[in-house]
Structures are given as structure tokens and as C-alpha cells.
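For reference, the structure discussed in these notes is given below.
In the working numbering, the protein residues as written are 79 to 302.
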């Protein structure tokens, strides 16, 4: 896991140095760093780096799932499957994007895979939280309260932000004056930038994996 994170951030830093203009992490999405169109001189290194970094942490889905097996077999299977699928899809997202000859008509495949990857990882995080809360309040209490708290806090970040963004969008479509005013107020801030929340999501997921490895029990517990 440390090697994975080192490879990820080192290659992204190198890509930012080769970016044609000053890279603004609050406004530029990560995809621009691995895009031959936006970053023609530095796209290959971060693309391969992200793929390799994802492959290194791919076993963590099963690692976490096995340690939830004693709480709920079904949840453990969902955790392993969702986290594993989400992390693997990151690999598929990074590599095809480097093919310059890829027709514009299939660019939607990249976006679909990226969204599926996010759904898988967030879904796995939510299942972990459900398992952790079931353990704490179901009488078993085999998991560290610090880990369950960190899981819940880190998972709530993307969930709450997504819900608030959806509410604001629906309110704007319904032509509520306060929604238009709020969007106008936040337009020039980083809060309204997709890139900012993308980086926040990446850091939150990394911290989620770190807390899992630090606080999960070393031995696997199974149900009788």
C-alpha cells in the first residue's frame, strides 16, 4: 500500500510538471493529467503509474472483506466485490484514454467506466460502514471504535456532498430563486469545481484504506 501511494502521487506530480500550463488542482480534473490531448508531453507516466498503483491495492478489497466475514457473510462478499471491481475499473479507465486514435464516438466508454469505478468504491465503503455499525451496535464489538468512526466520517464526505449537489441541481431546475443565488455565490469558489471534489474523493478513499489496514483485526474471524 505505501508503494502504491508513492507511485500514484509521484507520477501525478511529474505529470503536473509537464502540463502545458500551470496545473490548477482545484479546477483541472485528474483525467487531464493522463490525457494525450491535454497533457501531450507527460500523459504516459501518470497513466501507467495510476494503473500500477491500482493493481497494487487491488487485493485490499478481499483483505477487508475477509475481516468482516464474522459480522456478515453477505456484507463481506459485497465489500470484496464492490471494492475489487471499483479499484480494477480504475485500471481500465487510465489505459484506454492514452489511445489517441480512439474515436470520439466511444469517449463515453471512458466516462461510464470512471463513474462505475466511483460507484464501486463508494458502494464498498458504504457496505463497510454498515458492517462496522452492525458490529458496534449489534453486541459483537469486534472492531475498533476508532476504525468504525473513521470509516463513517470518510464515507459521509462523498455521500453528503453528492446529496447536496443533487438537491441544488433539482432546486435550480425547479427555478427556486435561492438555488440560483447560491450557485452564483459559489461559482467562483473551489466548492463548485468538479476537480476539487475529485481530489477530495481520492484522498478520502486513500485514508479509508489506510484506516482499514491500521485498525482492522489481524486475524480473520468467522461465524459459527
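Note that CB positions come from ideal geometry on N, CA and C, so glycine has one too.
Margin query: Within a Cβ cutoff of 7 Å, which residues of the same chain sit near residue 172, ignoring the five residues on either side of it in sequence?
Written below: 112, 125, 128 and 129
Item checked: Opening and closing residue of the alpha helix (DSSP H) in which residue 85 lies -> 80-95
Check: First and last residue of the alpha helix (DSSP H) that includes residue 101?
Finding: Counting along the chain, residue 101 falls outside any alpha helix (DSSP H), and DSSP gives it neither H nor E.
Notebook entry, point to check: Which two residues bound the contiguous alpha helix (DSSP H) that contains residue 151?
Noted result: In the DSSP assignment, residue 151 falls within the unbroken alpha helix (DSSP H) covering 151-172.
Item checked: Beta-carbon gap between residue 221 and residue 213 smaller than 8 Å -> yes
Notebook entry, point to check: Are the segment 131-138 and the segment 151-159 in contact at 8 Å, needing three or more beta carbon pairs?
Noted result: Counting Cβ pairs under 8 Å, fewer than three are found: no touch.
Check: Rounded to a whole number of angstroms, what is the C-alpha to C-alpha distance between residue 209 and residue 118?
Finding: 44 Å
Check: What first and last residue would you give for the alpha helix (DSSP H) that runs through residue 228?
Finding: Per DSSP, residue 228 is one residue of the alpha helix (DSSP H) stretching across 223-251.
Checklist line | Beta-carbon contacts of residue 291 that lie in its chain and below 7 Å, excluding the five residues immediately before and after | finding: The answer, listed in chain order, is 79.
Notebook entry, point to check: Taking the C-alpha atoms as reference points, what is the distance between residue 205 and residue 90?
Noted result: 30 Å
Margin query: Rounding to the nearest angstrom, what Cα-Cα distance links residue 282 and residue 237 in this structure?
Written below: So the two alpha carbons sit approximately 12 Å from each other.
Note to self: Am I right that residue 199 and residue 164 are in contact with their C-beta atoms under 8 Å? What's the rounded C-beta distance?
What the structure shows: Confirmed, Cβ separation roughly 4 Å.
Checklist line | Local conformation of residue 113 per DSSP, three classes | finding: coil
Notebook entry, point to check: Under three-state DSSP, which class holds residue 192?
Noted result: helix
Check: Got a sec, what are the start and stop residues for the alpha helix (DSSP H) residue 135 sits in?
Finding: 122-135
Check: Which first and last residues belong to the alpha helix (DSSP H) in which residue 146 is found?
Finding: Segment: none, residue 146 is in no alpha helix (DSSP H) and carries neither H nor E.
Notebook entry, point to check: Thinking just about the alpha-carbon of each residue, which of 251, 235 and 247 is nearest to the one in residue 285?
Noted result: 235
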